[in-house]
Amino acid sequence: MAPPKKPFHKLGATARYLRLNPDSAKKKRDYDTAYHATSARKKYRADLDRERRARKRAGQNLTGKDVSHTKGGGTTLEDSSKNRARNRGKK
């Protein structure tokens, strides 16, 4: 079951626009679906999933953490809030 929708006044600019323009929201959903279905994205996700499973098997506590790619191409554990906040649009 999907979580309840946020009230309109708590949405960011893009989310507000997409809520008011269903055609644009559908276009974005279609684009996102196609983007995440590309072989490069699948490989990226598989790499992180593989690393996460290995770390879990090794006994590391992964609660609240993401396995994140570093600039050098490796992976590291990072707070999920820090990882997901990087490269977001800033006001």
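My numbering applies: residue 8 is where the sequence shown begins, and numbers increase by one. All C-beta atoms, glycine included, are put in the ideal place defined by N, C-alpha and C.
Please return the same chain residues whose Cβ sits closer than 8 Å to the Cβ of residue i, not counting the five positions on each side in sequence.
i, result
"Ala32", "Leu25, Arg26"
"Asp86", "Gly71, Lys72, Asp73"
"Arg62", "Leu69, Val74, Leu84"
"Lys1", "Since the first residue shown for the chain is 8 and the last is 98, residue 1 is missing from the structure and cannot be characterised."
Is the Cβ-Cβ distance between residue i and residue j less than 8 Å?
i, j, result
"Thr77", "Thr70", "no"
Using C-beta distances below 6 Å, list every residue in its chain close to residue i, excluding the 5 sequence neighbours before and after it, in chain order.
i, result
"Arg59", "Val74"
"Leu55", "Val74"
Is the number of C-beta pairs between the region 8-27 and the region 40-57 that are closer than 8 Å three or more? no
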